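*Asks:* Numbering of the sequence shown is given in this note's numbering, commencing with residue 84 and proceeding in unit increments.
Glycine is no exception: its CB is placed at the ideal position from the N, C-alpha and C atoms.
As the structure is a computational prediction, the values presented were derived from the model and not from experiment.
Here it is, the structure in full.
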Amino acid sequence: MKIFQIVCAFLLVISVSVGIWFISSSLSKVHIYLVNDNTEPQLMAFAKDQLDTLVNHNSQLSYSLVENPNNAQVFQQVILTDLDDTDVMILGCFTEACKLNVITALGPDNHLPFLYTGRSNGLKSESYLWHFGPVFNQSIQPILGVIDKLGYPPPILVSDESVSAYLSSNILKDLTEAKGWGQPQHINIEQDLELNLLDELVSGSAKQVIINSVCQSKGERVLKKLDAPHLLVFNTCLPYSKTYNYGYFSSVISHHNHAENEGQYLFNLALYFIRLYITDDAFKFNKLVNLEFPMLDQSVVMDHKNRHLWHQIKIIGNQDDRLDVLFKSESLIRPVIYHQLRQPSEWELMVQLYWRNHNGSWGI
84 MKIFQIVCAF
94 LLVISVSVGI
104 WFISSSLSKV
114 HIYLVNDNTE
124 PQLMAFAKDQ
134 LDTLVNHNSQ
144 LSYSLVENPN
154 NAQVFQQVIL
164 TDLDDTDVMI
174 LGCFTEACKL
184 NVITALGPDN
194 HLPFLYTGRS
204 NGLKSESYLW
214 HFGPVFNQSI
224 QPILGVIDKL
234 GYPPPILVSD
244 ESVSAYLSSN
254 ILKDLTEAKG
264 WGQPQHINIE
274 QDLELNLLDE
284 LVSGSAKQVI
294 INSVCQSKGE
304 RVLKKLDAPH
314 LLVFNTCLPY
324 SKTYNYGYFS
334 SVISHHNHAE
344 NEGQYLFNLA
354 LYFIRLYITD
364 DAFKFNKLVN
374 LEFPMLDQSV
384 VMDHKNRHLW
394 HQIKIIGNQD
404 DRLDVLFKSE
414 SLIRPVIYHQ
424 LRQPSEWELM
434 VQLYWRNHNG
444 SWGI
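Here it is as C-alpha cells:
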C-alpha cells in the first residue's frame, strides 16, 4: 500500500511538472525592440523600468533597445534578426516624428506589430501600427465644441508647417465660414524669430481665443509668449503639464491627480496589451473586436478596424493655482484615421460633410 502511494505521488509530481511545462511552452515567447526616443528622456527611463519589471516576472518576455531609425537598412537588419520561434514586437516612440521614422524604415510590407504610445495626427498609418495615444480629431473636436458652445469670439490660429497645423487651419476655416465669422486670422510661426508676430496679440487688451497647433519645444515657446490675461489659449498638440500655469489642453486621463502622466499611462496601456498577448493564447493581433483596456478606473476601447483607441477626452488647464476642467466628454470619442495623406480638397470635403451631418455641432 505504501509503495502504491509513493508511486501515485511520484506520478502526480511528474504530471504536474509536465502540465506546467506544457502551459509555459504553449505561451507566446515575445521579444520587444524598444525604440530609443531620446526626445523624452524621462519617459524613456520610465519605459525601461517598466519593461525591466515585466521581464523579471515573465520568462516568455525579453527586450532590447533599438535606436530611432535614421538609417532604414540598419534598423531592418536589427529587428529582422531570427530569434528562433519568438514573436517580435516594436514598442515605443513618444512623438509623431519618431513614429514616422519607424514606419518609413519598416516599409509597407512589414508584418511585425508596432505599438506606438504618443500622440498622432491620424493621417499616416499602416496595417501593422497599433496606436494607444489620442488622435488629432480627438483633441480639436472638443476644443472647437467648447469655443462654439461658450460663445467665445472667433479663434486665431497659431501654427507652423506641421501636418497637425495644416489640419487645424482647414478645420478652423470651415468652422468660421459655417458660423458666418468670415476668414479666420492665421499666424504662421516657422522660425523662432517669427515669435515676434505674436507681440500685437500680447500687447492688446481685447479678449482673444488662440488655438496653438505648434508641437513640442517650439509649441512651448509659443505658449510662453502668449502669457497674457486677456488671451485664452487652447493647445492641440502639447500634452497637459503642471508646469504650464495658463492655457488649456486635451487630456485622455479622467483622474485629476494623474492628468500630467499621459505618457506613462499610454505606455502602460501598451504593456497591458503585451501581457494579454503573452498569457492568453487566444489573443490575436488581427482578431480584436472592441477590446477594452481598464486602467485608472477608466476604460478605452481598441477600434478593431483602424487599431487606434477610442478615448474619453477632457479639456483642462491650470487657472489660479488649481486644475480647471473646462470640458469632459460623456462618451468615448472615435479616432478618425486616414491611412495615407490626403489632398486638401478631400480633407475640406470631409469637414464639410461632418459639419452638415451633425447640424453644426462639434460633439458637445
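Using a 10 Å radius around the Cβ and a threshold of 16 neighbouring Cβ atoms, would you call S251 buried or exposed?
*Replies:* Buried, because 16 or more other Cβ atoms sit within 10 Å of the Cβ of S251.
*Asks:* Could you give the distance in angstroms between the alpha-carbon of I361 and the alpha-carbon of D167?
*Replies:* If I take the Cα positions, the gap works out to 16 angstroms.
*Asks:* Are three or more beta carbon pairs between the stretch 309 to 319 and the stretch 149 to 163 nearer than 8 angstroms?
*Replies:* In short, these stretches do not touch, since the Cβ pair count stays below three.
*Asks:* For Q221, count neighbouring Cβ atoms within 10 angstroms of its own Cβ and tell me buried if that reaches 16, exposed if not.
*Replies:* Under this definition Q221 is a buried residue.
*Asks:* If I measure Cβ to Cβ from L280 and keep anything under 6 angstroms in the same chain, skipping five residues before and after, which residues do I get?
*Replies:* I270, listed in sequence order.
*Asks:* Kindly list the residues whose CB is nearer than 6 angstroms to the CB of A180, restricted to its own chain and excluding five residues on each side of it in sequence; keep chain order.
*Replies:* The answer is none, since no qualifying residue turns up.
*Asks:* Curious, which full-length alpha helix (DSSP H) runs of at least 4 residues does the stretch 251 to 322 contain?
*Replies:* Runs of the alpha helix (DSSP H) inside the stretch 251 to 322: 282 to 286 and 299 to 308.
*Asks:* Identify, in the order they occur along the chain, each residue of the same chain with its Cβ nearer than 6 angstroms to the Cβ of R390, setting aside the five sequence neighbours on each side.
*Replies:* Here the set comprises W213.
*Asks:* With DSSP run on the structure shown, which of helix, strand or coil describes L126?
*Replies:* Three-state DSSP puts L126 in a helix.
*Asks:* Closest to I398 by CA distance: which of S337, I416 and Y331 is it?
*Replies:* Of S337, I416 and Y331, the residue nearest in Cα terms is Y331.
*Asks:* From this set, T259, L198 and R358, which residue's C-alpha is nearest S142's C-alpha?
*Replies:* Checking every option, the nearest Cα to that of S142 belongs to R358.
*Asks:* Given this structure, state the Cα-to-Cα distance separating S382 from H114, to the nearest angstrom.
*Replies:* Straight-line Cα distance between these residues: approximately 27 angstroms.
*Asks:* If you measure between the beta carbons of I272 and V297, is that distance less than 8 angstroms?
*Replies:* Cβ distance < 8 angstroms, so I272 and V297 count as in contact.
*Asks:* Give the straight-line distance between the Cα atoms of S337 and I420, rounded to the nearest whole angstrom.
*Replies:* The alpha-carbon atoms of S337 and I420 are separated by roughly 23 angstroms.
*Asks:* By the three-class DSSP mapping on this structure, what secondary structure does P225 have?
*Replies:* Note: P225 maps to helix in three-state DSSP.
*Asks:* What's the gap between the Cα of A128 and the Cα of N119?
*Replies:* So the two alpha carbons sit approximately 10 angstroms from each other.
*Asks:* What does the alpha-carbon distance come out to for the pair C320 and Q224?
*Replies:* For C320 and Q224, the distance between alpha carbons rounds to 13 angstroms.
*Asks:* Alpha carbon to alpha carbon, what distance is there between Y323 and K131?
*Replies:* If I take the Cα positions, the gap works out to 23 angstroms.
*Asks:* Check each candidate in V138, M385, L198 and F219 and name the one with the smallest Cα separation from E209.
*Replies:* Checking every option, the nearest Cα to that of E209 belongs to L198.
*Asks:* Spatial neighbours of Y211 within its chain, please: CB distance less than 6 angstroms, with the 5 preceding and 5 following residues excluded, ordered by chain position.
*Replies:* Result list for Y211: N193, P196 and F197, in chain order.
*Asks:* Classify N36 as buried or exposed, calling it buried when 16 or more other Cβ atoms lie within 10 Å of its own Cβ.
*Replies:* This structure cannot speak to residue 36, because the chain is shown only from 84 to 447.
*Asks:* If you run the structure through DSSP and keep just helix, strand and coil, what is K325?
*Replies:* Correct three-state label for K325: coil.
*Asks:* Going by CA-CA distance only, name the one from S245, K388 and P236 that's closest to G263.
*Replies:* It is P236 whose Cα lies nearest to the Cα of G263.
*Asks:* Specify, as a first and last residue, the run of the alpha helix (DSSP H) that H182 falls within.
*Replies:* Note that residue 182 is Lys in the sequence shown here, rather than His. That run of the alpha helix (DSSP H) goes E179 to L189.
*Asks:* Near T178, which residues of its chain fall below 6 angstroms by C-beta distance, leaving aside the five closest residues on each side in sequence?
*Replies:* Taken in chain order, the residues that qualify are T122 and G201.
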